[in-house]
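Novice: Structure in structure tokens, see below.
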Amino acid sequence: SQTIHQWPATLVQPVGSPLSLECTVEGTSNPNLYWYRQAAGRGLQLLFYSVGIGQISSEVPQNLSASRPQDRQFILSSKKLLLSDSGFYLCAWSSKDAGVNFYEQYFGPGTRLTVT
Amino acid sequence: GIQVEQSPPDLILQEGANSTLRCNFSDSVNNLQWFHQNPWGQLINLFYIPSGTKQNGRLSATTVATERYSLLYISSSQTTDSGVYFCAVTGGEKLTFGTGTRLTIIP
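Protein chains in written order, with the working numbering: chain U, 60 to 175; chain Y, 37 to 143.
Right under this line is the structure:
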């Protein structure tokens, strides 16, 4: 079965410091991968998605960037964090395989980021 | 892009009560999912239901794609049902989430 991991689970970082959040998926190959942010306990906003290695689409212009160095690894980064970057960051995956539910997404446990 | 509205925004019920949560969307979709976000933030997949009706234990869902809405039914509520319920839809590979319904079950 497929599993998705995120780390760290929680993070407290000062303003201006760099950021790196990691997401990995097991048990599938060539997945679509997604980064979401949730602020104030409501409403998930899609930040980035990737259909393959090195292919990144950005949904919202911001202080963040994403990379996909390996098939099942998705990284969210920032060079200098802002207070507004605080939130709950969720990674998700979906399968491209024919015969599975079309674009059904599965989410990781999330990383809670506090910028101080 | 597709707009997704959920109602009610908040719902407080006694344990054992039944509830209906609604999701309206503005365009035709090829994916509709219901999620439950637990107190730890984990998003749990409840249903993948772009059309039709499905049931899983005390939960069931119905999507009427031609009328652009979906309903989530929770029967005999338990305290563990508390949390935020999200509807999310897509016309392609990107999910658009509603703002959620916060359900609180009182013992």
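Every residue, glycine too, gets a C-beta built ideally from N, C-alpha and C.
Between the Cα of P128/U and those of Q104/U, Q121/U, V119/U, L92/U, spot the shortest distance and give me the residue it belongs to.
Specialist: Along the first sequence, one-based indexing puts residue 128/U at 69. With distances taken between Cα atoms, P128/U lies closest to L92/U.
Novice: Anything in the region 79-102 of chain Y with a Cβ closer than 7 Å to a Cβ of chain U? List those residues in chain order, please.
Specialist: Listed by position along the chain: L79, N81, Y84.
Novice: For the 8 Å Cβ check, are there 3 or more pairs between the region 64-78 of chain Y and the region 114-134 of chain Y?
Specialist: A contact exists between the region 64-78 of chain Y and the region 114-134 of chain Y.
Novice: What span of residues does the beta strand (DSSP E) with W152/U cover, start to end?
Specialist: Start at 1 with the first residue of the first sequence, and residue 152/U comes out as number 93. Per DSSP, W152/U belongs to the beta strand (DSSP E) from 146-153.
Novice: Within 8 Å (strictly less), CB to CB, does R101/U reach chain Y?
Specialist: For the purposes of this step, residue 101/U is taken as residue 42 along the first sequence, with counting starting at 1. At least one chain Y Cβ lies under 8 Å of R101/U.
Novice: Listing by chain order, which chain U residues have their CB less than 7 Å from the CB of G119/Y?
Specialist: What you label residue 119/Y is simply residue 83 of the second sequence in a count that begins at 1. Per Cβ cutoff of 7 Å: no residues; G119/Y is ~10 Å from chain U at best.
Novice: Determine whether the Cβ of Q72/U lies closer than 8 Å to any Cβ atom of chain Y.
Specialist: In the first sequence, the residue the question calls residue 72/U occupies position 13. For Q72/U, the answer is no, since every Cβ of chain Y falls outside 8 Å of its Cβ.
Novice: Taking the C-alpha atoms as reference points, what is the distance between E103/Y and Y165/U?
Specialist: Against the second sequence, residue 103/Y aligns to sequence position 67. Against the first sequence, residue 165/U aligns to sequence position 106. Their backbone Cα atoms lie some 27 Å apart in a straight line.
Novice: Given that T126/Y touches chain U, what residues does it touch there, using C-beta distances under 8 Å?
Specialist: As a first step, residue 126/Y must be located in the second sequence, where it is residue number 90. Within chain U, the residues near T126/Y are Y162.
Novice: Determine the contact status of L78/U and S143/U, defining contact as a CB-CB distance below 8 Å.
Specialist: Residue mapping note: residue 78/U aligns to position 19 of the first sequence, counting from 1. Residue mapping note: residue 143/U aligns to position 84 of the first sequence, counting from 1. Not in contact: L78/U and S143/U (Cβ atoms no closer than 8 Å).
Novice: With a threshold of 16 other CB atoms inside 10 Å of the CB of D117/Y, please say whether the residue is buried or exposed.
Specialist: Locating residue 117/Y in the second sequence gives position 81, counting from the first residue. Looking at its Cβ environment, which holds 16 or more other Cβ atoms inside 10 Å, D117/Y is buried.
Novice: Is there a C-beta anywhere in chain U that falls below 8 Å from the one on Q114/Y?
Specialist: As a working mapping, residue 114/Y is identified with position 78 in the second sequence. It does not: the Cβ of Q114/Y has no partner Cβ on chain U nearer than 8 Å.
Novice: Whole angstroms is fine: what's the gap from T132/Y's alpha carbon to S145/U's?
Specialist: Numbered from 1 along the second sequence, position 96 holds the residue referred to as residue 132/Y. Numbered from 1 along the first sequence, position 86 holds the residue referred to as residue 145/U. Looking at the two C-alpha atoms, the distance is approximately 21 Å.
Novice: Quick check on the DSSP output: the beta strand (DSSP E) that includes G119/Y runs from which residue to which?
Specialist: Taking the second sequence and counting its residues from 1, one reaches residue 119/Y at position 83. That run of the beta strand (DSSP E) goes 119-126.
Novice: Quick check on DSSP: helix, strand or coil for L141/U?
Specialist: As a working note, residue 141/U is residue 82 in the first sequence. Note: L141/U maps to coil in three-state DSSP.
Novice: Could you check the C-alpha separation between A99/U and T87/U for me, to the nearest Å?
Specialist: Against the first sequence, residue 99/U aligns to sequence position 40. Against the first sequence, residue 87/U aligns to sequence position 28. Cα-Cα distance, rounded: 32 Å.
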